[in-house]
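Worksheet: one structure, shown below.
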Amino acid sequence: MTKIEPKNANEATYNGDIPNTPIRFIWYVAKPFRPLMLLAFLAVVLAQVSELIAIWVVSELIDGFSTSTDKIEQIDILVFWGLCFVILGVLDRIFWRASGFLGLGWIIRADAYAYKQLYSYISNHSHGYFSNRFAGALSNKISNAAGGSSELSFRIMWDIFPEVISVTVTLILFFNLHWLVGTVFLGVLVLVFFFNLFWVKKRRPHVVAYSAASSALRGAGVDVLSNIAATRQYSRKSFELKNIDDVLSDRKNKDFKQAYMGEWLMVMNGVFGVLLTGMVLVIVYTMLVNDLATAGNLVLVLMLLARVGYTFNIMGNIMNGVTRKYGEIEEGLQEVLIDHEITDKKDAPILSVEAGSITWDKVVFEYGANKVFDDFNLKIEPGQRIGLVGPSGAGKTTFVSLLLRQHDIDAGEIMIDGQNIAQVTQDSLRSSIAVVPQEPMLFHRSIRENIAYGKLDATEEEIISVAKKAQAHDFISQLEEGYDTLVGERGVKLSGGQKQRVAIARAMLKDAPILVLDEATSALDSESEVAIQKALHELMVGKTVIAVAHRLSTLREMDRIIVLENGKIVEDGDHNSLAQAGGTYQRLWEHQAGGFLVE
Numbered sequence: 108m109t110k111i112e113p114k115n116a117n118e119a120t121y122n123g124d125i126p127n128t129p130i131r132f133i134w135y136v137a138k139p140f141r142p143l144m145l146l147a148f149l150a151v152v153l154a155q156v157s158e159l160i161a162i163w164v165v166s167e168l169i170d171g172f173s174t175s176t177d178k179i180e181q182i183d184i185l186v187f188w189g190l191c192f193v194i195l196g197v198l199d200r201i202f203w204r205a206s207g208f209l210g211l212g213w214i215i216r217a218d219a220y221a222y223k224q225l226y227s228y229i230s231n232h233s234h235g236y237f238s239n240r241f242a243g244a245l246s247n248k249i250s251n252a253a254g255g256s257s258e259l260s261f262r263i264m265w266d267i268f269p270e271v272i273s274v275t276v277t278l279i280l281f282f283n284l285h286w287l288v289g290t291v292f293l294g295v296l297v298l299v300f301f302f303n304l305f306w307v308k309k310r311r312p313h314v315v316a317y318s319a320a321s322s323a324l325r326g327a328g329v330d331v332l333s334n335i336a337a338t339r340q341y342s343r344k345s346f347e348l349k350n351i352d353d354v355l356s357d358r359k360n361k362d363f364k365q366a367y368m369g370e371w372l373m374v375m376n377g378v379f380g381v382l383l384t385g386m387v388l389v390i391v392y393t394m395l396v397n398d399l400a401t402a403g404n405l406v407l408v409l410m411l412l413a414r415v416g417y418t419f420n421i422m423g424n425i426m427n428g429v430t431r432k433y434g435e436i437e438e439g440l441q442e443v444l445i446d447h448e449i450t451d452k453k454d455a456p457i458l459s460v461e462a463g464s465i466t467w468d469k470v471v472f473e474y475g476a477n478k479v480f481d482d483f484n485l486k487i488e489p490g491q492r493i494g495l496v497g498p499s500g501a502g503k504t505t506f507v508s509l510l511l512r513q514h515d516i517d518a519g520e521i522m523i524d525g526q527n528i529a530q531v532t533q534d535s536l537r538s539s540i541a542v543v544p545q546e547p548m549l550f551h552r553s554i555r556e557n558i559a560y561g562k563l564d565a566t567e568e569e570i571i572s573v574a575k576k577a578q579a580h581d582f583i584s585q586l587e588e589g590y591d592t593l594v595g596e597r598g599v600k601l602s603g604g605q606k607q608r609v610a611i612a613r614a615m616l617k618d619a620p621i622l623v624l625d626e627a628t629s630a631l632d633s634e635s636e637v638a639i640q641k642a643l644h645e646l647m648v649g650k651t652v653i654a655v656a657h658r659l660s661t662l663r664e665m666d667r668i669i670v671l672e673n674g675k676i677v678e679d680g681d682h683n684s685l686a687q688a689g690g691t692y693q694r695l696w697e698h699q700a701g702g703f704l705v706e
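Using this note's numbering, the first residue of the sequence shown is number 108, and each one after it goes up by one.
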């Protein structure tokens with residue numbers, strides 16, 4: 108079998124509509140819900156301002172109470188400022204809860220929207236993209252990007268933004284107290300900001316590397332679990348654990364690097380907090396000594412410093428979490444959001460198949476330095492049944508892949524009813540072709556759902572009808588849950604023959620004008636094959652059929668047999684003529700063993 112690699116496996120360009128940087132991606136997925144987002148941020152501003160004004164109210168209460176000697180006046184002051192404090196406290200709670208409802212309304216919706224956008228985008232990647240990546244790792248990257256964007260939004264909303272508002276209001280209050288206090292506070296803030304910015308940039312590559320290692324671990328784990336039967340059959344548990352341990356070791360080392368850098372950030376932010384507290388207290392003490400500050404001012408400064416100290420202490424944790432999440436989002440987006448290798452032309456028409464003729468005109472296709480097809484020409488008439496044979500590496504699998512446009516050709520044209528498949532939409536092309544692959548592709552869903560995948564609005568009668576034709580109804584009926592039986596991941600609960608019959612039933616239900624059989628009966632026992640062949644012959648009526656087979660006996664009744672060798676047609680005819688022509692087909696026929704082609 109010729110394995111097709113992506114032609115630009117190492118190229119990761121991107122010119123799509125979905126932003127591929129974390130902040131722009133968050134803004135993009137928030138677009139449909141921005142009114143909620145803006146209202147949520149406004150609520151946070153009002154909540155933080157209420158909280159900090161309450162601190163100022165306490166200082167005014169203390170000053171008013173301490174400077175008055177009239178008890179009635181003191182009571183009035185206490186009642187007024189006390190009432191203000193209570194009102195601000197109530198408003199603070201109201202605004203915080205409002206931000207919670209509004210913010211969650213935005214973030215939860217944006218999270219679902221992000222997943223949908225990324226799954227939609229990745230589903231349009233080429234076959235080569237998926238064949239060179241672990242499915243588990245890709246799923247992890249989408250989770251990192253989509254789920255991470257909601258978590259980062261959460262942190263921005265309720266961790267970062269509130270502290271920005273708090274620091275801004277504190278700066279205003281410090282400048283209002285004395286320009287020197289405000290200047291010192293501003294200077295330390297600038298120092299803290301640039302140090303954190305520098306440290307985050309320095310740490311980010313380590314976070315991205317850790318995220319990639321985590322995705323690799325998940326991919327390796329899914330790969331082992333998906334092939335657990337082979338692991339047990341070959342007694343390779345220790346071998347696989349060693350592989351997992353190697354991946355774990357790499358992930359652990361990268362985790363230590365990024366985590367320790369995060370701890371040092373927290374240490375330095377703590378130092379800055381102590382430095383700020385000491386400098387401001389010295390200034391305020393000097394002001395008190397010189398009667399430039401009041402007891403209320405001192406209380407205000409102490410409460411604000413406590414608030415700022417808390418900000419500096421949690422800033423390390425916040426930045427650690429943000430940096431880690433930012434790296435995960437960035438790594439996920441960089442893997443998912445790369446240009447699609449195969450795209451529909453702008454305003455591409457829908458393929459309309461009436462007759463079902465297939466034409467290959469001077470087709471050239473290569474990967475690496477090897478040309479699979481070079482000036483390849485073939486005309487398949489409407490309703491003609493074609494058998495495709497040849498030794499391994501002859502180009503049979505590539506032939507099917509190119510017909511489905513899983514890869515783009517380098518030159519020439521592949522046409523269906525005179526329509527270039529590169530000019531029509533991919534969905535309409537693949538909707539016109541039913542495929543029964545060598546390895547049946549089943550979802551971890553019920554048998555009914557797997558069969559109905561060929562026609563989503565199929566009735567129960569239609570599903571049962573095709574199951575009977577595919578010789579699947581009897582074994583399905585014997586299952587405890589019948590058509591509602593879950594088949595397991597990739598159909599592991601069914602035997603090879605059972606999976607193949609479900610796949611055949613699905614293709615029958617699709618009822619496409621072009622049918623591709625890629626070793627459709629290879630997993631069946633002889634008795635089942637006879638019955639299936641009868642059903643397939645019924646399915647073939649009125650359709651253009653391409654049957655790839657190693658079991659040459661299954662091709663006897665084909666209208667034509669095409670023999671491929673090194674990407675070229677070396678023979679073309681029916682079974683009887685080719686079996687006696689003294690060429691490649693006769694040699695392959697004579698080398699049959701139990702009905703299969705020996706390669």
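We put the beta carbon where it would ideally sit given N, CA and C, even for glycine.
Less than 8 Å between the beta carbons of residue i and residue j, yes or no?
i           : j           : result
residue 317 : residue 262 : no
residue 248 : residue 439 : yes
residue 205 : residue 225 : no
residue 688 : residue 616 : no
residue 502 : residue 479 : yes
residue 448 : residue 196 : no
residue 170 : residue 384 : no
residue 153 : residue 202 : yes
residue 554 : residue 590 : yes
residue 220 : residue 136 : yes
residue 244 : residue 326 : yes
residue 165 : residue 408 : no
residue 529 : residue 515 : yes
Could you round the C-beta distance between residue i and residue j to whole angstroms and report it? I think they count as a contact, below 8 Å.
i           : j           : result
residue 646 : residue 622 : 7 Å
residue 455 : residue 539 : Their Cβ separation, rounded to whole angstroms, is 14 Å, which puts residue 455 and residue 539 out of contact at 8 Å.
residue 490 : residue 649 : 6 Å
residue 185 : residue 172 : 6 Å
residue 536 : residue 458 : 5 Å
residue 598 : residue 549 : 3 Å
Determine the direct distance from the alpha carbon of residue j to that of residue i, and round the result to whole angstroms.
i           : j           : result
residue 351 : residue 330 : 10 Å
residue 510 : residue 343 : 39 Å
residue 706 : residue 127 : Interpretation of residue 706 is limited by its pLDDT of 46, a score under 50 that renders its predicted location unreliable; the figure taken from the coordinates is listed afterwards. The straight-line gap from Cα to Cα measures roughly 46 Å.
residue 269 : residue 425 : 12 Å
residue 410 : residue 177 : 27 Å
residue 684 : residue 674 : 22 Å
residue 593 : residue 570 : 16 Å
residue 78  : residue 241 : The requested residue 78 does not occur in the structure, where the chain is confined to residues 108 to 706.
residue 519 : residue 355 : 48 Å
residue 662 : residue 557 : 28 Å
residue 686 : residue 654 : 18 Å
residue 606 : residue 134 : 45 Å
residue 360 : residue 314 : 12 Å
residue 446 : residue 547 : 29 Å
residue 155 : residue 388 : 24 Å
residue 397 : residue 151 : 39 Å
residue 123 : residue 444 : 8 Å
residue 111 : residue 476 : The predicted position of residue 111 is uncertain, since its pLDDT is 46 and thus under 50; a value taken from the coordinates is nonetheless stated next. Answer to the nearest angstrom: the Cα atoms are 12 Å apart.
residue 644 : residue 450 : 35 Å
residue 312 : residue 363 : 13 Å
residue 404 : residue 246 : 56 Å
residue 297 : residue 162 : 24 Å
residue 522 : residue 231 : 22 Å
residue 708 : residue 695 : Nothing about residue 708 can be reported from this structure: the residues present for the chain run from 108 to 706 only.
residue 129 : residue 324 : 23 Å
residue 233 : residue 281 : 59 Å
Tell me whether residue i, by its Cβ, gets closer than 7 Å to a heavy atom of the ligand NAP.
i           : result
residue 606 : The model on display carries no ligand, and the ligand NAP is accordingly not part of it.
Contact the stretch 577-586 vs the stretch 610-626: 3+ CB pairs below 8 Å: yes
Taking contact to mean at least 3 C-beta pairs separated by less than 8 Å, is the stretch 377-393 in contact with the stretch 407-424? yes
The stretch 662-670 touching the stretch 679-688, judged by at least three CB pairs closer than 8 Å: yes
Is the stretch 458-472 touching the stretch 483-492, taking contact as three or more C-beta pairs under 8 Å? yes
Any alpha helix (DSSP H) of 4 or more consecutive residues that is wholly inside the stretch 593-618: 603-617
Counting beta carbon pairs with one atom in the stretch 139-149 and one in the stretch 367-378, are three or more of them shorter than 8 Å? no
Pick out the complete alpha helix (DSSP H) segments inside the stretch 361-447, 4 residues or longer, and give them in chain order. 402-443
Measuring CB atoms only, is the stretch 210-219 touching the stretch 281-293, in the sense that at least three cross pairs come out at less than 8 Å? no
4 or more residues per run - each alpha helix (DSSP H) lying fully within the stretch 465-528: 503-510
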